[in-house]
Ligand SMILES: Cc1ncc(C[n+]2csc(CCOP(=O)(O)OP(=O)(O)O)c2C)c(N)n1
Ligand SMILES: [Mg+2]
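Residue numbers (our numbering): 284 to 608.
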């Protein structure tokens, strides 16, 4: 782990470690539940990319907004939607965060300011610019974080939205979760630039790159960026380097990746890295780290068990929420 000047106390590091483990264990249960046909539709997990969602959330206020793509179960939890309501949403239950209407790709909470869960690649990017416009219009101090995948940066609407965000100086933090693949396609085959932050140059937008596998580096970098956005009201484009350990979706066996590549990235596992850092600081030992993980596993299990008991929506609910109230 990058040795930063800052030091963190045990309680804080333990919380970060718990969150990383919880998101991992949560998603493992999601995969098992899908395989056991407890729910249908698409299912994209975030396993391997947890450091980003933990690190970014630490830099935000509850009043900030977040919007994302379809790989967003754990981002929704990080933004404050309880894990049991995310699980219930996966199962299409009435107490799910979107009343069972959304499912895996469409987590949503107006109260928690998590504005989806979007299945159209890049579809959330202009929406984020719109929210940024509204924040400015209402003269608020909030920002919006807009996550997207690397492939989304080849979408037309991405470029239109970045242009407007830069032109109108909107308080948007665009974060590319650069896991280097769009479904099974290596970005080298589809993308003209070697570093995705270069996309921002075309719009004269502030930009940077971060090791998105390292939770402390991510948290520190994003905290600085968010402070800058609040101060300057200018948008920022962050290329966050990361890797997903599972297939694009549950139906993808991932045959386009080599064992060597996978092994290299497994060596950078965010949970492993933070654990090593904590041990090096002599704050916890292996057994204590394992106890945190066990607690995380139990929480993920309780979320699913709660969701199992929840009611399905009543029949007339199918007619509700078709149009906004
Ligand atoms: C406009 C559009 N085109 C194609 C698809 C099909 N599709 C779904 S996910 C995906 C790849 C996206 O990859 P990336 O943006 O890198 O996100 P990741 O899955 O790696 O998180 C594609 C092409 C879609 N959902 N929307
Ligand atoms: Mg990708």
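Yeah, the Cβ is synthetic: ideal placement off N, Cα and C, and Gly gets one too.
Round the Cβ separation of residue i and residue j to the nearest angstrom and send it over; I've been treating them as touching at under 8 Å.
i, j, result
"residue 596", "residue 382", "6 Å"
"residue 580", "residue 308", "5 Å"
"residue 403", "residue 461", "Residue 403 to residue 461, Cβ: 19 Å. No contact."
"residue 305", "residue 329", "Actually they do not touch by this definition, with Cβ atoms about 12 Å apart."
"residue 364", "residue 407", "No, residue 364 and residue 407 are not in contact; Cβ-Cβ is about 16 Å, not under 8 Å."
"residue 522", "residue 492", "4 Å"
"residue 495", "residue 334", "6 Å"
"residue 227", "residue 387", "The first residue shown for the chain is 284 and the last is 608, placing residue 227 beyond what the model contains."
"residue 582", "residue 379", "Not confirmed; about 18 Å, so no contact."
Short of 7 Å in beta carbon distance, which residues of its chain neighbour residue i, apart from the five on each side in sequence? Order them along the chain.
i, result
"residue 487", "449"
"residue 405", "431, 435, 438, 440 and 441"
"residue 509", "342, 343, 426 and 456"
"residue 416", "451 and 453"
Cα separation between residue i and residue j?
i, j, result
"residue 301", "residue 431", "25 Å"
"residue 607", "residue 294", "43 Å"
"residue 550", "residue 310", "20 Å"
"residue 322", "residue 336", "24 Å"
"residue 573", "residue 299", "14 Å"
"residue 452", "residue 559", "41 Å"
"residue 473", "residue 598", "45 Å"
"residue 385", "residue 565", "44 Å"
"residue 270", "residue 347", "The requested residue 270 is not part of the displayed model; the chain covers only 284 to 608."
"residue 589", "residue 338", "27 Å"
"residue 324", "residue 563", "43 Å"
"residue 517", "residue 454", "6 Å"
"residue 465", "residue 605", "31 Å"
"residue 345", "residue 362", "8 Å"
"residue 411", "residue 418", "10 Å"
Apart from the five residues on each side of it in sequence, which residues of its chain come closer than 8 Å, Cβ to Cβ, to residue i?
i, result
"residue 443", "409"
"residue 478", "492 and 522"
On the three-state DSSP scale, how would you describe residue i?
i, result
"residue 342", "coil"
"residue 348", "strand"
"residue 336", "helix"
"residue 427", "strand"
"residue 374", "coil"
"residue 322", "coil"
"residue 432", "strand"
Could you name the residues of the same chain whose beta carbon sits closer than 6 Å to that of residue i, not counting the 5 residues immediately before and after it, in chain order?
i, result
"residue 291", "none"
"residue 506", "342"
"residue 356", "369"
"residue 354", "327 and 329"
Give, in chain order, every unbroken run of the beta strand (DSSP E) that is at least 3 residues long and sits entirely within the region 456-541.
For the region 456-541, the full-length beta strand (DSSP E) segments reaching 3 residues or more read 489-494 and 519-524 along the chain.
Of all the alpha helix (DSSP H) runs that stay within the bounds of the region 394-425, which reach a length of 4 or more residues?
Counting only runs of 4 or more, we get 407-420.
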